[in-house]
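From first to last, the protein sequence lines stand for chains A and C. Going by our numbering, the residue at position 179 of the first sequence is 179; the numbering climbs one at a time, nothing skipped. Going by our numbering, the residue at position 55 of the second sequence is 307; the numbering climbs one at a time, nothing skipped. Only one structure is covered here, and it is reproduced in the block below.
2 protein chains.
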Amino acid sequence: MINPLENKLLNVLPLESKGRIFTDLNLIHLPLGKVIYESGQDLEFVYFPADGIISLFYITEDGHSSQISAVGSEGVVGITAFMGGGSTPYRAEVQSAGFFYRLSVTAMLNEFNLVKRVRIMLLSYTQSFIAQMAQTAACNRHHSIDQQLCRLLLLSMDRMENNDLTMTQESIANMLGVRREGVTEAAGKLQKQNVITYSRGKITVTDRKKLEKLSCECYDVVKNETDRLDASLPKLNLPRNNAPCYPKEMPI
Amino acid sequence: MINPLENKLLNVLPLESKGRIFTDLNLIHLPLGKVIYESGQDLEFVYFPADGIISLFYITEDGHSSQISAVGSEGVVGITAFMGGGSTPYRAEVQSAGFFYRLSVTAMLNEFNLVKRVRIMLLSYTQSFIAQMAQTAACNRHHSIDQQLCRLLLLSMDRMENNDLTMTQESIANMLGVRREGVTEAAGKLQKQNVITYSRGKITVTDRKKLEKLSCECYDVVKNETDRLDASLPKLNLPRNNAPCYPKEMPI
DNA sequence: CCTGATATGTGCGATGCCGAACACAGTAGT
DNA sequence: ACTACTGTGTTCGGCATCGCACATATCAGG
Numbered sequence: 001m002i003n004p005l006e007n008k009l010l011n012v013l014p015l016e017s018k019g020r021i022f023t024d025l026n027l028i029h030l031p032l033g034k035v036i037y038e039s040g041q042d043l044e045f046v047y048f049p050a051d052g053i054i055s056l057f058y059i060t061e062d063g064h065s066s067q068i069s070a071v072g073s074e075g076v077v078g079i080t081a082f083m084g085g086g087s088t089p090y091r092a093e094v095q096s097a098g099f100f101y102r103l104s105v106t107a108m109l110n111e112f113n114l115v116k117r118v119r120i121m122l123l124s125y126t127q128s129f130i131a132q133m134a135q136t137a138a139c140n141r142h143h144s145i146d147q148q149l150c151r152l153l154l155l156s157m158d159r160m161e162n163n164d165l166t167m168t169q170e171s172i173a174n175m176l177g178v179r180r181e182g183v184t185e186a187a188g189k190l191q192k193q194n195v196i197t198y199s200r201g202k203i204t205v206t207d208r209k210k211l212e213k214l215s216c217e218c219y220d221v222v223k224n225e226t227d228r229l230d231a232s233l234p235k236l237n238l239p240r241n242n243a244p245c246y247p248k249e250m251p252i
Numbered sequence: 253m254i255n256p257l258e259n260k261l262l263n264v265l266p267l268e269s270k271g272r273i274f275t276d277l278n279l280i281h282l283p284l285g286k287v288i289y290e291s292g293q294d295l296e297f298v299y300f301p302a303d304g305i306i307s308l309f310y311i312t313e314d315g316h317s318s319q320i321s322a323v324g325s326e327g328v329v330g331i332t333a334f335m336g337g338g339s340t341p342y343r344a345e346v347q348s349a350g351f352f353y354r355l356s357v358t359a360m361l362n363e364f365n366l367v368k369r370v371r372i373m374l375l376s377y378t379q380s381f382i383a384q385m386a387q388t389a390a391c392n393r394h395h396s397i398d399q400q401l402c403r404l405l406l407l408s409m410d411r412m413e414n415n416d417l418t419m420t421q422e423s424i425a426n427m428l429g430v431r432r433e434g435v436t437e438a439a440g441k442l443q444k445q446n447v448i449t450y451s452r453g454k455i456t457v458t459d460r461k462k463l464e465k466l467s468c469e470c471y472d473v474v475k476n477e478t479d480r481l482d483a484s485l486p487k488l489n490l491p492r493n494n495a496p497c498y499p500k501e502m503p504i
């Protein structure tokens with residue numbers, strides 16, 4: 001069996017929780033483009049990316065789309081499961097093929113309600129997710145396609161292992177909510193400046209520093225938010241004194 | 253004492269919770285334009301709007317802004333309090349003067365952790381909040397100023413009692429993240445079509461039906477989401493066993 | 001090798017929005 | 001009544017992006 005990158009949220013799960021969800025947790029491989037949630041659909045599973053990326057899209061009536069977030073091993077897809085809604089208002093699609101841990105909504109919800117530390121962990125991620133959405137929204141509104149492309153590439157790289165990305169200009173256009181031709185132009189500029197090379201859906205970043213310079217502030221903001229979350233997670237996993245892991249639950 | 257509209261979330265709080273937070277809850281009046289959170293600031297209080305509106309803004313480095321959500325009596329400002337972050341990534345500003353219930357973050361967090369029903373209620377709202385943000389983000393990207401103005405006016409009306417809104421074209425421009433002149437033009441069109449009348453910061457909607465027709469789908473989506481939440485809240489408040497229903501008025 | 005599908009490149013006019021500058025009109029203060 | 005300020009109306013050039021049409025390049029399969 002391939003040894004995938006672990007998911008950071010799953011990693012810090014208390015041992016007892018891991019034990020409980022064990023039978024409900026599956027490691028599966030999902031191909032590029034696979035749609036795991038359709039907008040408005042009830043959700044059955046949540047997904048913890050290991051070495052793949054899932055992209056969340058909002059789609060308007062007239063068919064235009066916008067990416068609202070990209071989730072890698074730092075997060076989970078399907079926060080709706082524990083947030084109270086039965087269905088997601090957006091589409092979730094595999095942006096980068098790879099392995100994902102799949103857990104049933106009921107098991108997820110059960111752990112969420114049972115263990116305070118699991119709750120804290122998931123809500124902390126949700127908070128980070130919200131911040132990313134806000135940033136993306138503002139970026140969509142105020143920054144050029146050139147800048148947004150840089151941001152997108154950088155964020156995708158951070159969620160991958162290497163400098164090679166698998167995404168066509170068409171798919172990038174859908175994420176940014178712009179025309180494909182706009183992406184062609186922006187990508188062409190980057191290639192001329194020797195920042196990236198690409199061909200038929202394969203993009204290689206050759207000068208990351210420069211890419212960061214050309215990007216808008218939004219990349220830094222999202223990255224800092226992700227790092228902040230990363231840094232706060234291990235604390236949740238410390239053994240406390242010798243008290244039981246999670247104490248007083250109000251049975252209500 | 254003025255009898256403000258009650259806040260819908262506070263209304264469905266279990267009686268025991270109401271009792272506990274009693275001493276920490278204040279009813280205060282906030283004037284138009286008052287900034288209650290600055291971006292990045294640690295938060296001390298959460299706010300439950302009674303008859304006012306609070307607007308959440310994201311502000312970019314170059315000074316551009318975008319509204320990411322408007323919160324009325326259906327919600328609460330400061331979800332960060334129970335989501336794990338200590339600071340908000342956005343600015344919160346009073347969009348419509350009025351009364352607000354103010355609660356300390358510690359009291360809020362305590363109830364959140366102690367009572368499952370409070371948690372469900374607040375997370376359900378957060379879910380609705382996220383959906384609104386996503387919608388706003390997509391709207392910013394894909395719809396015209398004209399359409400967005402209609403959406404903004406409708407959503408503001410829903411959160412107020414009447415057809416009169418207090419907002420200048422300048423402040424609207426900040427919310428939509430566009431130029432003031434753009435708003436002048438869009439508002440001028442609406443006035444010519446006898447949909448609204450306005451003068452120096454007072455806007456009166458005279459033909460709501462038409463306004464809805466001119467708006468993009470985004471208004472409907474956000475409204476449905478808000479209504480869905482509204483409808484789900486009472487269920488949380490069902491009397492258990494044969495416990496009595498408690499009065500609707502918060503003693504304060 | 002040919003064919004069809006996918007991915008990318010390019011050109012063009014149209015347009016919605018921007019940025020700036022300025023004029024004008026209500027409103028408030030003294 | 002005068003002044004200062006705030007809110008609104010208007011204009012004009014500029015530009016990023018759009019929508020469309022079409023050309024080219026690369027790849028996959030029979």
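In this text, a Cβ means the ideal position worked out from N, Cα and C, and glycines have one as well.
Run down chain C in chain order and give the residues with a C-beta less than 7 angstroms from the C-beta of residue i.
| i | result |
| --- | --- |
| residue 84(A) | 372, 375, 376, 379 |
| residue 74(A) | None at all; the shortest Cβ gap to chain C is about 15 angstroms. |
Among the options, which has the Cα closest to the Cα of residue i?
| i | options | result |
| --- | --- | --- |
| residue 34(A) | 18(A), 53(A), 40(A), 21(A) | 53(A) |
| residue 6(A) | 95(A), 129(A), 160(A) | 160(A) |
| residue 431(C) | 301(C), 315(C), 326(C) | 315(C) |
| residue 298(C) | 310(C), 335(C), 312(C), 313(C) | 335(C) |
| residue 21(A) | 137(A), 112(A), 38(A) | 112(A) |
| residue 401(C) | 284(C), 317(C), 302(C), 466(C) | 466(C) |
| residue 429(C) | 295(C), 356(C), 456(C), 319(C) | 319(C) |
| residue 88(A) | 370(C), 462(C), 386(C) | 386(C) |
| residue 450(C) | 470(C), 356(C), 435(C) | 435(C) |
| residue 476(C) | 40(A), 29(A), 24(A), 32(A) | 40(A) |
| residue 253(A) | 211(A), 154(A), 175(A) | Residue numbering for chain A in the displayed model covers 1 to 252; residue 253(A) lies beyond these limits and cannot be assessed. |
| residue 190(A) | 15(A), 209(A), 175(A) | 209(A) |
| residue 310(C) | 137(A), 126(A), 104(A) | 137(A) |
| residue 105(A) | 42(A), 129(A), 155(A), 220(A) | 42(A) |
| residue 437(C) | 355(C), 379(C), 396(C) | 396(C) |
Leaving out the 5 sequence neighbours to the left and right, which residues in its chain are closer than 7 angstroms to residue i when beta-carbon positions are compared?
| i | result |
| --- | --- |
| residue 124(A) | 229, 232 |
| residue 201(A) | 166, 167, 168 |
| residue 207(A) | 194, 195 |
| residue 251(A) | Only weak support is given to the placement of residue 251(A): the predicted model assigns it a pLDDT of 40, under 50, and the value that follows is read from those uncertain coordinates. Hits under 7 angstroms: none found. |
| residue 495(C) | Confidence at residue 495(C) is low in this model, with a pLDDT of 38, below 50, so its placement is unreliable and no value can be given for it. |
| residue 269(C) | 363, 367, 370 |
| residue 427(C) | 307, 319, 404 |
Could you work out which residues of chain C lie near residue i, taking near to mean beta carbons separated by less than 8 angstroms?
| i | result |
| --- | --- |
| residue 66(A) | 389, 390, 393, 394 |
| residue 90(A) | 386 |
| residue 177(A) | 390, 393, 394 |
Looking at the unbroken beta strand (DSSP E) that takes in residue i, where does it start and where does it end?
| i | result |
| --- | --- |
| residue 281(C) | 277-282 |
| residue 348(C) | 343-348 |
| residue 196(A) | 196-199 |
| residue 53(A) | 53-59 |
| residue 70(A) | 65-71 |
| residue 46(A) | 45-49 |
Beta-carbon within less than 6 angstroms of residue i's beta-carbon, same chain only, minus the 5 sequence neighbours each way: which residues are those?
| i | result |
| --- | --- |
| residue 486(C) | none |
| residue 329(C) | 299, 306, 323, 344 |
| residue 500(C) | Reliability of the predicted coordinates at residue 500(C) is poor, the pLDDT of 39 falling under 50, and no value is obtained from them. |
| residue 424(C) | 435 |
| residue 313(C) | none |
At which residues does the alpha helix (DSSP H) containing residue i begin and terminate?
| i | result |
| --- | --- |
| residue 169(A) | 169-176 |
| residue 417(C) | Looking at the DSSP string, residue 417(C) is not in any alpha helix (DSSP H); the run it does join, the beta strand (DSSP E), is 416-418. |
| residue 202(A) | Segment 202-205 is the beta strand (DSSP E) holding residue 202(A); no alpha helix (DSSP H) there. |
| residue 148(A) | 145-158 |
| residue 130(A) | 116-142 |
| residue 17(A) | 15-21 |
| residue 35(A) | Looking at the DSSP string, residue 35(A) is not in any alpha helix (DSSP H); the run it does join, the beta strand (DSSP E), is 35-37. |
| residue 183(A) | 180-192 |
| residue 464(C) | 460-466 |
| residue 259(C) | No alpha helix (DSSP H) holds residue 259(C); DSSP gives it neither H nor E. |
Run down chain A in chain order and give the residues with a C-beta less than 8 angstroms from the C-beta of residue i.
| i | result |
| --- | --- |
| residue 310(C) | 134, 135, 137, 138 |
| residue 332(C) | 127 |
| residue 365(C) | 116 |
Can you pull the chain A residues whose beta carbon is under 7 angstroms from the beta carbon of residue i, in chain order?
| i | result |
| --- | --- |
| residue 383(C) | 89 |
Looking only at its own chain, which residues have a Cβ that is under 8 angstroms from the Cβ of residue i, when we skip the five neighbours before and after it?
| i | result |
| --- | --- |
| residue 302(C) | 256, 257, 258, 259, 279, 325, 350, 351, 352, 353 |
| residue 254(C) | Its pLDDT being 42, under 50, residue 254(C) is placed unreliably by the model, and nothing is read from it. |
| residue 140(A) | 66, 148, 176, 177 |
| residue 219(A) | 150, 151, 154, 155, 212 |
Mind listing the chain A neighbours of residue i? Cutoff is C-beta to C-beta under 9 angstroms, in chain order.
| i | result |
| --- | --- |
| residue 270(C) | Going along chain A, no residue has its Cβ under 9 angstroms from residue 270(C), so there is no contact; the nearest lies around 14 angstroms. |
| residue 437(C) | Under the 9 angstroms cutoff, chain A gives no residues; its nearest Cβ is about 18 angstroms from residue 437(C). |
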